[in-house]
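Okay, so here's the structure we're looking at.
There are 4 protein chains.
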Amino acid sequence: MDEKKETSRVEAFSDGVFAIAITLLILDVTSAFSDASKLQLFDLLRQQWTVLLAFLLSFATIGIMWLNHHRLFTLIVRADHNLLVLNLLLLLAATVVPFPTALLGRYGVDVANNEANFKQATILYNGVFLFVALGYHLLWLYATYKGRLLSPNVNMEAVRRIDRQYLLGPLFYTIAFALAFVNPWISLAVNTLLAIFFLLPGIALSTSQKPE
Amino acid sequence: MDEKKETSRVEAFSDGVFAIAITLLILDVTSAFSDASKLQLFDLLRQQWTVLLAFLLSFATIGIMWLNHHRLFTLIVRADHNLLVLNLLLLLAATVVPFPTALLGRYGVDVANNEANFKQATILYNGVFLFVALGYHLLWLYATYKGRLLSPNVNMEAVRRIDRQYLLGPLFYTIAFALAFVNPWISLAVNTLLAIFFLLPGIALSTSQKPE
Amino acid sequence: MDEKKETSRVEAFSDGVFAIAITLLILDVTSAFSDASKLQLFDLLRQQWTVLLAFLLSFATIGIMWLNHHRLFTLIVRADHNLLVLNLLLLLAATVVPFPTALLGRYGVDVANNEANFKQATILYNGVFLFVALGYHLLWLYATYKGRLLSPNVNMEAVRRIDRQYLLGPLFYTIAFALAFVNPWISLAVNTLLAIFFLLPGIALSTSQKPE
Amino acid sequence: MDEKKETSRVEAFSDGVFAIAITLLILDVTSAFSDASKLQLFDLLRQQWTVLLAFLLSFATIGIMWLNHHRLFTLIVRADHNLLVLNLLLLLAATVVPFPTALLGRYGVDVANNEANFKQATILYNGVFLFVALGYHLLWLYATYKGRLLSPNVNMEAVRRIDRQYLLGPLFYTIAFALAFVNPWISLAVNTLLAIFFLLPGIALSTSQKPE
């Protein structure tokens, strides 16, 4: 039983799913511009700005999901059935992202006519993100319980740092989710700040930067 | 001739196909919501529930296909032309899944007007699943015949356990397929139970959990 | 400079492209059934049989392309700029396949009204296949010229066998291409026979089966 | 901390994104031919030639992006958080390519009626390419600053050669971008020449060809 190989195949499959989900996002941008030949392109880009915002936000979010997955699996070296099923749950969340992204973009363009739909799309969008945050939390709790699936000589400092960060993720996304019921624009602003926060160099808790 | 590398490329290609097939499923969910701006989003989600059910069921099924493939290829270490062709047959089944999934979802929404179409979609859907189960059976029989493509120091206990499980798979899916001719709802309920059954921790026969 | 790693990344990228091209084929099958709710599903499947035939034929062909690629890269161990560019040419052919496949399926359904279009689609379809066969020929000639990119201890018998087979491929596909100008149905029958021929166990010239 | 494995996963994810972006390009070609059954196929191909040109140009460009990525990551052996984020920026550019490609093709067919749109699409198209060129420049500057992420025994000659080439890329693409404001056809001609230039064997600066 070659354990190294096992997690590497989980990573390969997950990489594939993240890569596809992140690349499919552009399809809805293209289709949002398909039946609109009356306007000039640059005016169209301005009119459809929520489509572009939703695209960028979802791209950043799936990108962060991948960064996170990458980081966890530098620490997780074993895979059992439950880990694979929990990982499938995460991938489910990743593949779903293009759906509320498309709705958010579309309903955002139409917000003047139907504000309720835009709000509901924001709730759905943040619901998926909250599901992602909880999914990572669960997978991480399972893998680290009694050091179950970690390398025996794992950097415990790195584990603790992720423990702390994984309390913040679900908290932040619960707030963004709750705000979506109040005001979709504020909720999206929080989403944007969270994406920037997780991509910024200073705050990043990448295990790979501290090899000691 | 680096045999290790050979099966690893079969796995990489298969991972790619599974990853894409599982991610494409969301496209039909998105398109099912494309021309329906009259209703509120949450009402739409309720109206299109068969689209969401078909999505989840197919996601779980392709996920289980990947789990199975992963498990088999921890035991199969050699690849010959016939294995590659049998593997292509399995991948054919995986890539086809989004098609009956889309039909099932769509005809499910329209079931009040056209029950025959919904039944036929369920038959097709279960036919594909049965094809998957038989495909795995065939590939496994071929690979294990006289231990042909297994590692010389393979865990024979793990092989037996898969042998036993692979008698159950085709049997269960034959039942679900037969039930689709009688009542599509019962057939889908059996599909759901089978997906849960194969994902549950207790019943899982993962070879990786018993390294001795 | 880790040469092993270099060809392995060429293979990974190519695997990705083949995996996606082969999986996208189903999208056009799904869309061929999208606006046809008047007929019963099983009648529709019968009516759209050229869509299903084109899907299966293209799936088999991309599958064979992957098998071939896999085989070549068990012998090719070095990569230079020209090989990467020639490989891109092959991948171009692979990504193009879904386009004439969609046309062939659609025009096939409509053949009674517009036979010229069906013939032109068959010509295009076979033109792509001929391009594939010539592409492999070229890549192989380049890689084997003075053993340039082969392993120093390569099995020369395996190289010769591929040499011989690679004279046949372009020949067969030139015939199928020429026949498309005469009669599209005969041309498609030849395509089908070629696919079966390359997938059959007896005729397969897999290098991996004869390790001595 | 297995550093080799870390960059290899960045490469795998990037390979996935490049592979998908390059393969999705054909979808817009197919859809450009979907509602045009009145003309004969060969006449259609002639009429939609800008769709085919945009497809080929974008295929070549994403192919060159991959070649570049491949080349850089034979020299970069370490990954930190910032590199992963800069790499995500590049992948963002790669996934966006199919969008201006679709616009360029479509507006090109319609150029006689709406020249302004075609010009704006060319500006957008070249803007994305310029973004790609600057993205590579940035990633390379970051990785090579004080040899930060390079192998300790890296071939400094290869690093210098890329340094020089990476001054040319942004320069050339700035010119093509500026020309798009003047005349879209000239800009596209420059794009075509650049693609050929980067694919030609003589000019290629592949590090793998000079192993000493």
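Residue numbers (our numbering), protein chains in the order written: chain A, -3 to 208; chain B, -3 to 208; chain C, -3 to 208; chain D, -3 to 208. In this text, a Cβ means the ideal position worked out from N, Cα and C, and glycines have one as well.
Just so you know, the alpha carbons of Val6/C and Leu80/C end up roughly 7 Å apart. Straight-line spacing of the CA atoms in Val47/A and Arg102/A works out to 6 Å. DSSP places Leu146/D within a strand segment (E or B) once states are collapsed to three.
When only Cα atoms are considered, Trp45/A and Asp106/A end up about 11 Å apart.
Rounded to whole angstroms, the separation of the alpha carbons of Ile58/D and Pro180/C is 35 Å. Contact annotation: Phe14/C and Ala90/C have beta-carbon atoms nearer than 8 Å. The Cβ of Pro94/C sits closer than 8 Å to at least one Cβ of chain D. Arg74/D and Ala117/C have their C-alpha atoms spaced approximately 49 Å apart.
Residue-level contact by beta carbon fails for Val128/D and chain C, as no gap is shorter than 8 Å.
For the stretch 65 to 97 of chain C, the set of residues with a beta-carbon nearer than 7 Å to any beta-carbon of chain B comprises His66 and Thr70, in chain order.
Asn151/B has a beta carbon lying at 8 Å or more from every beta carbon in chain C. Taking a 10 Å sphere around the C-beta of Ser54/B, we find 16 or more other C-beta atoms and assign the residue as buried. Val93/C sits buried, since 16 or more C-beta atoms from the chains shown fall within 10 Å of its C-beta. Distance from the Cα of Asn78/A is smallest, within the candidate group Leu137/A, Arg42/A and Thr26/A, for Leu137/A. Within a 10 Å sphere around the beta-carbon of Phe125/D sit 16 or more other beta-carbons, which makes this residue buried. Rounded to the nearest whole angstrom, the C-alpha separation of Arg67/B and Lys115/D is 54 Å. Note on geometry: alpha-carbon atoms of Asp39/A and Ala28/A lie some 14 Å from one another. By the beta-carbon neighbour count (other beta carbons within 10 angstroms, threshold 16), Asn109/C is exposed.
Going by beta carbons, Leu145/B and Asp76/B fall inside the 8 Å limit. Thr19/C is positioned such that its CB atom lies closer than 8 Å to that of Ile16/B. Against chain C, a Cβ distance below 8 Å from Ala176/B picks out nothing, because the smallest value is about 12 Å.
Exposed is the label assigned to Tyr141/B, since fewer than 16 other Cβ atoms lie within 10 Å of its Cβ.
For Gln116/D, the C-beta contacts it makes with chain A under 7 Å involve Gln36, Leu37 and Phe38, in order along the chain. Counting along the chain, the unbroken alpha helix (DSSP H) around Phe194/B starts and ends at Pro180 to Leu195. Of the candidates Leu189/C, Leu71/C and Tyr121/C, Leu71/C places its Cα closest to the Cα of Arg157/C. Exposed is the label assigned to Ser30/C, since fewer than 16 other Cβ atoms lie within 10 Å of its Cβ.
With contacts defined as CB atoms closer than 8 Å, Leu190/B and Phe173/B fail to qualify as a contacting pair.
Contact check for Asp24/A and Gly12/D: beta-carbon distance about 19 Å, past the 8 Å limit, so the pair fails to qualify. Boundaries of the alpha helix (DSSP H) around Ser54/A: Trp45 to Leu71.
In this structure Leu163/B is exposed. Its beta-carbon is surrounded by fewer than 16 other beta-carbon atoms within 10 angstroms. Ile16/B reaches chain A at Gly12, Val13 and Ile16, counting residues in chain order whose Cβ is nearer than 9 Å.
In the assembly as shown, Val186/D is a buried residue. Its beta-carbon has 16 or more other beta-carbons within 10 Å.
The three-state secondary structure of Gln161/D, taken from DSSP, is helix. If you check the CB distance, Gly131/D and Leu86/D come in under 8 Å.
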